[in-house]
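*Asks:*
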Amino acid sequence: MQRSKIVHHGPGRADWRWQDAHAARSVGALAQRLHLPPAAAARMEAAARRQPVKITPYYLALLRPDDPADPLLRMVLPDPRELRISPGESADPIADGGKHRPAPGLTHRHPERVLIFPSMQCGGYCRYCFRRRRVGGAAGAWTAAAQARALAYIAAHPEIREVILTGGDPLMLPDAPLLALLRRLRRIRHVRLLRVHTRMPAYNPFRITQALARGLAALQPLWVVAHFNHPRELTPTAVNYLQRLRQAVPLLNQSVLLRGVNDDPAVLRELGWRLAEAGVKPYYLHHPDRAPGTRHWRPPLARGRRLWRELWGSLPGYLAPQYVLDLPRGRGKVPASADYVTAAGANAFRIRRPQGGGICCYRDEQTC
85 MQRSKIVHHG PGRADWRWQD AHAARSVGAL AQRLHLPPAA AARMEAAARR QPVKITPYYL
145 ALLRPDDPAD PLLRMVLPDP RELRISPGES ADPIADGGKH RPAPGLTHRH PERVLIFPSM
205 QCGGYCRYCF RRRRVGGAAG AWTAAAQARA LAYIAAHPEI REVILTGGDP LMLPDAPLLA
265 LLRRLRRIRH VRLLRVHTRM PAYNPFRITQ ALARGLAALQ PLWVVAHFNH PRELTPTAVN
325 YLQRLRQAVP LLNQSVLLRG VNDDPAVLRE LGWRLAEAGV KPYYLHHPDR APGTRHWRPP
385 LARGRRLWRE LWGSLPGYLA PQYVLDLPRG RGKVPASADY VTAAGANAFR IRRPQGGGIC
445 CYRDEQTC
């Protein structure tokens, strides 16, 4: 593929709404902007029908389309391998729904915290997404009625100490409804912490406006968790907008361990140092969940554990993220790096559950 020379002129390019409005949302648009060969574009069409495509002009300019192994390109470009469903993969790999969804748009898996989903739209669509069945569509829209039921549930459960806004991406909401929701949550006396998870600083950093930063600062204690997976995503532009956000609220980062993107100790070390320089603390390194068509992203769990040990052997402790595994079927998140996990044969592990106790078995491509 020939390298694309993407240059964006005009006063709107540093506006997050302009970026969103001009995002590439089809394989045809990607082929045109990245100069993809027709055969390569044709191979992507079926995967693009399975999960939406969306790449902002800002992020397009970071890609290296002449390099098929470019880690940023791989994270956003539809891949025919997404059509291969492997044993153990599930449309709801960590059980967001079912018995854990007592109200629309709310998941209560852990005793003292809940997730709410005020937007299922994203600033860009990651091809490894574990909520790929839901993001980008109208299903599960956050209506006024859904919000009222979610808030009533939280108010009625005094054991809830933290509310986490996730999605989709909560920062896809305009300031007014986002801040109004956070203010209503802040008025629930037993809610002690608010947390907002977002990949907008990577896909569309212009979303971090002065008005948003001021609004979030007024709602502390509140944490923002960014989602950077590769050091190249921490551009000078992204770092500049992160600085604005850091002056308002404390920042964490969680990454997903992705085969061919960041499953390399040098890449993860550099990501840790760049995050620290931007004032962002590495928080979680997630083993990929078993969403349909994502097997090609998942490194063996044993490899992830080796990588984590290398990080702890070379980075200051505050820069080494916790390596975690979300057990299938909603059985909880466990540190994959600690004494919770012991080997039990080739590609098999016994895992002690922190919630409710008990031992379960995990295999790299099959759960028992």
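Its first residue numbered 85, the sequence shown is counted upward by one per residue in our numbering. Using N, Cα and C, we set each Cβ at its ideal position, and we do this for glycine too.
Let me make sure I understand the geometry here. Which of Ile169, Ile272, Leu342 has the alpha-carbon closest to that of Leu157?
*Replies:* The candidate whose alpha carbon is nearest that of Leu157 is Leu342.
*Asks:* Please return the same chain residues whose Cβ sits closer than 7 Å to the Cβ of Gly442, not counting the five positions on each side in sequence.
*Replies:* Correct list: empty, nothing qualifies.
*Asks:* Let me confirm a value: Thr227 is counted as buried when at least 16 other C-beta atoms fall within 10 Å, else exposed. Which label applies?
*Replies:* Exposed, since its Cβ has fewer than 16 Cβ neighbours within 10 Å.
*Asks:* Hey, Leu453 and Val364: beta-carbon distance below 8 Å or not?
*Replies:* Outside the displayed span of the chain (85 to 452) sits residue 453, for which this structure offers no information.
*Asks:* What first and last residue would you give for the alpha helix (DSSP H) that runs through Asp104?
*Replies:* 100 to 105 is the span of the alpha helix (DSSP H), which, as asked, contains Asp104.
*Asks:* Over the uninterrupted beta strand (DSSP E) stretch that includes Arg193, give me the two end residues.
*Replies:* Looking at the DSSP string, the run of the beta strand (DSSP E) that includes Arg193 is 190 to 194.
*Asks:* Using alpha carbons as the reference points, say which of Pro242, Gln205, His314 lies closest to Ala350.
*Replies:* Nearest of Pro242, Gln205, His314 to Ala350, Cα basis: His314.
*Asks:* Taking the alpha-carbon positions, what's the Cys445 to Arg185 distance?
*Replies:* Straight-line Cα distance between these residues: approximately 25 Å.
*Asks:* If you measure between the beta carbons of Pro195 and Glu243, is that distance less than 8 Å?
*Replies:* The answer is yes: Cβ separation under 8 Å.
*Asks:* Find the nearest neighbour of Gly377 within the set Arg216, Pro149, Leu120, judged by alpha-carbon distance.
*Replies:* The shortest C-alpha separation from Gly377 is found at Arg216.
*Asks:* How about Asn295 and Ala322: do their beta carbons lie closer than 8 Å?
*Replies:* The amino acid at residue 295 is misidentified as Asn; the sequence shows Ala. The answer is no: Cβ separation not under 8 Å.
*Asks:* Can you check whether the CB of Asp99 is closer than 8 Å to the CB of Phe312?
*Replies:* No, Cβ-Cβ distance for Phe312 and Asp99 is not below 8 Å.
*Asks:* Just curious, the beta strand (DSSP E) that Arg197 is in, first and last residue?
*Replies:* Arg197 -> beta strand (DSSP E) spans 197 to 203.
*Asks:* Provide the residue span of the alpha helix (DSSP H) that contains Ile238, from first to last.
*Replies:* 228 to 239 is the span of the alpha helix (DSSP H), which, as asked, contains Ile238.
*Asks:* Please confirm whether Pro254 and Val275 have their CB atoms less than 8 Å apart.
*Replies:* Going by C-beta atoms, Pro254 is not nearer than 8 Å to Val275.
*Asks:* Look up Gly251 in the DSSP assignment and give the residues it is bridged to.
*Replies:* Note: Gly251 sits in a beta bridge opposite Ser203.
*Asks:* Tell me which residue opens and which closes the beta strand (DSSP E) that Gln338 is part of.
*Replies:* Start and end: 335 to 340.
*Asks:* Whether or not the segment 245 to 262 and the segment 198 to 205 are in contact is what I'm after, with contact meaning three or more pairs of Cβ atoms, one per stretch, closer than 8 Å; do they touch?
*Replies:* The answer is yes - the segment 245 to 262 touches the segment 198 to 205, with three or more Cβ pairs under 8 Å.
*Asks:* Can you tell me where the beta strand (DSSP E) holding Trp381 begins and where it ends?
*Replies:* Premise fails: Trp381 is in no beta strand (DSSP E) and is neither H nor E.
*Asks:* Beta-carbon within less than 7 Å of Ala230's beta-carbon, same chain only, minus the 5 sequence neighbours each way: which residues are those?
*Replies:* Cβ neighbours of Ala230 beyond the five flanking positions: Pro188, Gly189.
*Asks:* Mark Ala332 as exposed unless 16 or more other C-beta atoms lie within 10 angstroms of its C-beta, in which case mark it buried.
*Replies:* The residue is buried, with at least 16 neighbouring Cβ atoms inside 10 Å.
*Asks:* On a CA-only basis, which of Val137, Asp348, Leu269 is nearest Ile238? Give me that one, please.
*Replies:* Minimum Cα distance to Ile238 is reached at Leu269.
*Asks:* What are the boundary residues of the alpha helix (DSSP H) that includes Arg268?
*Replies:* Element bounds for Arg268: 259 to 270.
*Asks:* On a CA-only basis, which of Ile292, Leu147, Thr426, Arg168 is nearest Arg374? Give me that one, please.
*Replies:* Residue Arg168 is the option with its Cα nearest to Arg374.
*Asks:* Give me the Cα-Cα distance between Ala360 and Asp154, rounded to the nearest whole angstrom.
*Replies:* Those two C-alpha atoms are separated by around 24 Å.
*Asks:* To which residues does DSSP link Ala108 through a beta bridge?
*Replies:* Answer is Ile139.
*Asks:* Buried or exposed, going by whether 16 or more other CB atoms sit within 10 Å of the CB of Thr426?
*Replies:* Burial call: exposed.
*Asks:* Taking 8 Å as the cut-off, decide whether the C-beta atoms of Pro328 and Ala301 are in contact.
*Replies:* Correcting the residue type first, residue 328 is Arg in the shown sequence and not Pro. Going by C-beta atoms, Arg328 is not nearer than 8 Å to Ala301.
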